[in-house]
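For the numbering used here, add 1 to where a residue sits in the sequence shown, where the first one is 1.
Where a beta carbon is used, it is the ideal one built from N, C-alpha and C, also for glycine.
Following: one structure in structure tokens, then a few remarks.
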Amino acid sequence: MKPISPSSSSPIPSDLSRRSLRTHSWGGPAWEKRVRSSTRPRSRNGFSVLVTGAAGFVGTHVSAALKRRGDGVLGLDNFNDYYDPSLKRARQALLERSGIFIVEGDINDVTLLKKLFEVVAFTHVMHLAAQAGVRYAMENPSSYVHSNIAGLVSVLEVCKSANPQPAIVWASSSSVYGLNTKVPFSEKDRTDQPASLYAATKKAGEEIAHTYNHIYGLSLTGLRFFTVYGPWGRPDMAYFFFTRDILKGKSIPIFEAANHGTVARDFTYIDDIVKGCLGGIGYCGEEYCFGSGEHLGEAIESEGEEIYYEAATEWGRAIYTRKYKFRSEGARKSAQ
Ligand SMILES: NC(=O)c1ccc[n+]([C@@H]2O[C@H](COP(=O)([O-])OP(=O)(O)OC[C@H]3O[C@@H](n4cnc5c(N)ncnc54)[C@H](O)[C@@H]3O)[C@@H](O)[C@H]2O)c1
Numbered sequence: 002m003k004p005i006s007p008s009s010s011s012p013i014p015s016d017l018s019r020r021s022l023r024t025h026s027w028g029g030p031a032w033e034k035r036v037r038s039s040t041r042p043r044s045r046n047g048f049s050v051l052v053t054g055a056a057g058f059v060g061t062h063v064s065a066a067l068k069r070r071g072d073g074v075l076g077l078d079n080f081n082d083y084y085d086p087s088l089k090r091a092r093q094a095l096l097e098r099s100g101i102f103i104v105e106g107d108i109n110d111v112t113l114l115k116k117l118f119e120v121v122a123f124t125h126v127m128h129l130a131a132q133a134g135v136r137y138a139m140e141n142p143s144s145y146v147h148s149n150i151a152g153l154v155s156v157l158e159v160c161k162s163a164n165p166q167p168a169i170v171w172a173s174s175s176s177v178y179g180l181n182t183k184v185p186f187s188e189k190d191r192t193d194q195p196a197s198l199y200a201a202t203k204k205a206g207e208e209i210a211h212t213y214n215h216i217y218g219l220s221l222t223g224l225r226f227f228t229v230y231g232p233w234g235r236p237d238m239a240y241f242f243f244t245r246d247i248l249k250g251k252s253i254p255i256f257e258a259a260n261h262g263t264v265a266r267d268f269t270y271i272d273d274i275v276k277g278c279l280g281g282i283g284y285c286g287e288e289y290c291f292g293s294g295e296h297l298g299e300a301i302e303s304e305g306e307e308i309y310y311e312a313a314t315e316w317g318r319a320i321y322t323r324k325y326k327f328r329s330e331g332a333r334k335s336a337q
């Protein structure tokens, strides 16, 4: 993808939860035709994937990659102004050129979500829509609850009632490791000491996901992304601030850890994150196709009518394990 120069970040403190969910028009035969055509897989074994947050940084790259490999993709995004929406519009234009339609709407709009599932039998949902960023929670805390908790529940509610149920892959975050100081992180590390509201909402999301798997047998795979960078990236991130200051000849403030310790941060290149996301969607039939990541192990056991499936996979630095429970072998296959 061609890099563009994103305009400067302009987080406008708006309380998203007070906004009407129906600010955009949708529906009608022409709209439905567009939705169907965008989601039609090009390859015979391709999936039909709903990508939430498709106008976002990760969502754009994942949507484009799914389309390239032959899957049908429909985007959903509310184009909020947490950072300059013109960057999201530019990403939208890019996806449109490869035949991907992004429906403008909020994940809390259950009527819209239900309509989308009426029009298309999605095989998968790649749920990336969220309020990202750690510092913005001090300005607009309710936007995190709105998108990362209430929005996630809306998506899961609609997925659980859809027939067939789609499999869901969604973005959690390395921020769930919170005050953990042990490195490298392991998925077995504690995640009960979040250091920000953002982290707390992602941790809540993991527990909510577990509940929907436990009660309704929804197939859910959560990926903990570690800070992502690359072209079309988010302008609220430090590497953009640093670059802007360097270009202006300004100095960059260096922060110290306790006892004059140095602070370091690892970044994950967007292509590795995309591989992980596609791998998450890549479970197919009875074989578990884990993309090009390192497959750490899997186990299947039955207990009466219930089938348990456990897998751990490492793609780049996104590591996640989850024990899935399905009511029957059939449900496991159709959910994956
Ligand atoms: N980029 C990273 O470094 C990073 C790290 C860890 C986790 N994550 C997670 O990955 C996902 C994607 O992050 P990103 O960097 O692409 O962020 P992003 O802000 O660029 O993309 C998120 C998109 O979701 C949309 N959105 C937000 N709330 C919505 C709502 N209620 N309804 C519909 N659309 C909504 C936004 O308009 C935006 O386009 C998020 O879940 C984020 O928390 C990202």
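Residue of Leu95, Ser144, Gly134, Gly47 minimising C-alpha distance to Ala65: As a position in the sequence shown, residue 65 is number 64, starting the count at 1. Checking every option, the nearest Cα to that of Ala65 belongs to Leu95.
Other residues of its chain near Phe241: CB distance less than 6 Å, five sequence neighbours each side excluded: One-based indexing of the sequence shown puts residue 241 at position 240. Result list for Phe241: empty, nothing under 6 Å.
Run of the beta strand (DSSP E) containing Arg45, from where it starts to where it stops: On the sequence shown, residue 45 is found 44 positions in, with the first residue counted as 1. Counted as a single uninterrupted DSSP element, the stretch harbouring Arg45 is not any beta strand (DSSP E), since DSSP gives it neither H nor E.
Inter-residue Cα distance where the pair is Arg69 and His261: Translated into the one-based positions of the sequence shown, residue 69 becomes position 68. Translated into the one-based positions of the sequence shown, residue 261 becomes position 260. Their backbone Cα atoms lie some 48 Å apart in a straight line.
beta-carbon His211 near ligand 1 non-hydrogen atom, thresh 7 Å: Mapped onto the sequence shown, residue 211 falls at position 210. It does not: the Cβ of His211 is nowhere closer than 7 Å to a heavy atom of ligand 1.
Arg270 (DSSP reduced to helix, strand or coil): Residue 270 sits at position 269 when you count from the first residue of the sequence shown. Reading off the sequence shown, one finds Tyr at residue 270, where the question assumed Arg. If DSSP states are grouped into helix, strand and coil, Tyr270 belongs with the strands.
Nearest-angstrom Cβ-Cβ length linking Leu51 and Leu77, presumed shorter than 8 Å: In the sequence shown, counting from the first residue as 1, residue 51 sits at position 50. In the sequence shown, counting from the first residue as 1, residue 77 sits at position 76. Yes, they are in contact, since the Cβ atoms of Leu51 and Leu77 sit about 6 Å apart, within 8 Å.
Close Cβ partners of Val177 (< 8 Å) along its chain, the five nearest in sequence each way excluded: To locate residue 177, count along the sequence shown from 1; it is residue 176. Non-local C-beta neighbours of Val177 in its own chain, meaning closer than 8 Å and more than five positions away in sequence, comprise Thr192, Pro195, Ala200, Lys203, Lys204, Glu207, Arg225, ordered along the chain.
Residues near Ser99 by beta carbon distance below 7 Å, same chain, minus five either side: Working through the sequence shown from its first residue, we reach residue 99 at position 98. Taken in chain order, the residues that qualify are Ala65, Lys68.
Closer than 7 Å: Gly47 CB and nearest ligand 1 heavy atom: On the sequence shown, residue 47 is found 46 positions in, with the first residue counted as 1. Answer for Gly47: no, Cβ out of range of ligand 1.
Residues bridged to Arg127 (per DSSP): What you label residue 127 is simply residue 126 of the sequence shown in a count that begins at 1. Looking at the sequence itself, residue 127 is Met, so the reference to Arg does not match. Answer is Val52, Val170.
For Trp27 and Val36, the rounded distance between their alpha carbons: As a working note, residue 36 is residue 35 in the sequence shown. As a working note, residue 27 is residue 26 in the sequence shown. Approximately 10 Å, taken between the alpha carbons.
Closest residue to Pro30 among Thr222, Gly250, Leu117 (Cα-Cα distance): For the purposes of this step, residue 30 is taken as the residue at position 29 of the sequence shown. Ranked by Cα distance from Pro30, the first of Thr222, Gly250, Leu117 is Leu117.
Ser26: CB within 7 Å of a non-hydrogen atom of ligand 1: For the purposes of this step, residue 26 is taken as residue 25 along the sequence shown, with counting starting at 1. No, the beta carbon of Ser26 sits no closer than 7 Å to any heavy atom of ligand 1.
Closest residue to Ile271 among Phe256, Thr228, Ala239 (Cα-Cα distance): The count along the sequence shown starts at 1 and reaches residue 271 at position 270. Out of Phe256, Thr228, Ala239, Thr228 has the C-alpha closest to the C-alpha of Ile271.
Cβ-heavy atom distance, Gln132 to ligand 1, below 7 Å: Here the question's residue 132 lines up with position 131 in the sequence shown. Yes, Cβ of Gln132 sits closer than 7 Å to a heavy atom of ligand 1.
Proximal residues to Met238 (C-beta, below 8 Å), its chain only, five neighbours per side dropped: Position 237 of the sequence shown, counted from the start, is the residue given in the question as residue 238. Once the five neighbours on either side are set aside, the close Cβ partners of Met238 are Thr228, Tyr230.
Residue from Ala55, Arg266, Val170, Leu248 whose Cα sits closest to the Cα of Glu1: Nothing can be reported for residue 1: it is not among the residues displayed for the chain, which extend from 2 to 337.
Euclidean distance between Cα positions of Ala122 and Leu113: In the sequence shown, the residue the question calls residue 122 occupies position 121. In the sequence shown, the residue the question calls residue 113 occupies position 112. C-alpha separation (whole angstroms): 14 Å.
Residues of its chain near Gly134, where Cβ-Cβ distance is below 6 Å and the 5 sequence neighbours each way are ignored: By one-based count along the sequence shown, residue 134 stands at place 133. Same-chain partners within the cutoff: Asp237.
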